[in-house]
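Visitor: In my numbering, the protein residues as written are 2 to 172.
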Ligand code: GDP
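1) Beta carbon of residue 44: closer than 7 Å to some heavy atom of the ligand GDP?
2) So what does DSSP say about residue 39, is it helix, strand or coil?
3) Smallest Cα separation from residue 90: which of 145, 3 and 9?
4) Could you tell me the boundaries of the beta strand (DSSP E) in which residue 99 lies?
5) Which residue from 93, 26 and 105 puts its Cα closest to that of residue 154?
6) Among 141, 129, 100 and 148, which one has its Cα closest to the Cα of residue 169?
7) Curious, which full-length beta strand (DSSP E) runs of at least 3 residues does the segment 87-171 contain?
8) Could you check whether residue 3 and residue 103 sit closer than 8 Å to each other, using their CB atoms as the reference points?
9) Under 8 Å, do residue 152 and residue 6 count as touching if we go by C-beta distance?
10) Check whether the Cβ of residue 170 lies closer than 8 Å to any Cβ atom in chain B.
11) Using a Cβ-Cβ cut-off of 8 Å (strictly less than) and excluding sequence neighbours within five positions of residue 26, which residues of its own chain qualify?
12) Are the beta-carbon atoms belonging to residue 59 and residue 46 less than 8 Å from one another?
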């Protein structure tokens, strides 16, 4: 099924000069760019909705710290800290927001993007090839792990995020 998904090239991706390379990687697997919005910076009200302080979401982020080998007293509290760092970071500089479209687009974009932590992301993925950071260093420095991109995690999330970033599409 042809599906749309949302990708954000984060401030580390744009400032690092990776925008064109990242777009090429998605196009190379058959995804088409149907919308693009360059923002500098992104409005905080949108970023707060994009990264909500929702209990299940916070836990899932905190679990990534635990999986990276750091003990925490509460996954949810750890997730809350990370989301605070993320909101600040995403609104700190230029980003590029894209709607991509293709066969099984949501899964295909996630697969091309790779795992959250670039140090353990599979080679051949964007994060695995271009990312140089890791979760443990990022936690120590009180910032989100730099992994260049956001890509929607499910079809439902994609629809919600497209509406949020491109309300003018009226979908
Ligand atoms: P994604 O879907 O792979 O982007 O990951 P999530 O939605 O779980 O997390 C959102 C973003 O938060 C990630 O892309 C990372 O930049 C950051 N992040 C997630 N987990 C951690 C963590 O345990 N520590 C730090 N420092 N950053 C994290």
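Ideal Cβ positions, reconstructed from N, Cα and C, are used throughout, including at glycine. What you are looking at is a predicted structure, and each value in this text was computed from that prediction instead of being measured.
Guide: Inspection of the coordinates gives the following:
1) As a position in the chain shown, residue 44 is number 43, starting the count at 1. A distance criterion of 7 Å places the beta-carbon of residue 44 beyond contact range of the ligand GDP, judged by its closest non-hydrogen atom.
2) Your numbering for residue 39 matches position 38 in the chain shown. DSSP places residue 39 in strand when its eight states are reduced to three.
3) Translated into the one-based positions of the chain shown, residue 90 becomes position 89. Minimum Cα distance to residue 90 is reached at 145.
4) Start at 1 with the first residue of the chain shown, and residue 99 comes out as number 98. Where residue 99 is concerned, the enclosing beta strand (DSSP E) stretches over 96-104.
5) One-based indexing of the chain shown puts residue 154 at position 153. Looking at the Cα atoms, 105 is the closest of the given residues.
6) Along the chain shown, one-based indexing puts residue 169 at 168. Minimum Cα distance to residue 169 is reached at 100.
7) Taking only runs of at least 3 residues, the beta strand (DSSP E) segments lying wholly in the segment 87-171 are 96-104 and 150-152.
8) Reading the chain shown from its first residue, position 102 is the one you call residue 103. Reading the chain shown from its first residue, position 2 is the one you call residue 3. The beta carbons of residue 103 and residue 3 sit closer together than 8 Å.
9) Locating residue 152 in the chain shown gives position 151, counting from the first residue. Locating residue 6 in the chain shown gives position 5, counting from the first residue. By the CB criterion at 8 Å, residue 152 and residue 6 fall inside the cutoff.
10) Chain labels in this structure do not include chain B; a single protein chain is all it has.
11) Sequence index remark: in the chain shown, residue 26 carries index 25 (1-based). 113 and 127.
12) As a first step, residue 59 must be located in the chain shown, where it is residue number 58. As a first step, residue 46 must be located in the chain shown, where it is residue number 45. 8 Å or more divides the Cβ of residue 59 from the Cβ of residue 46.
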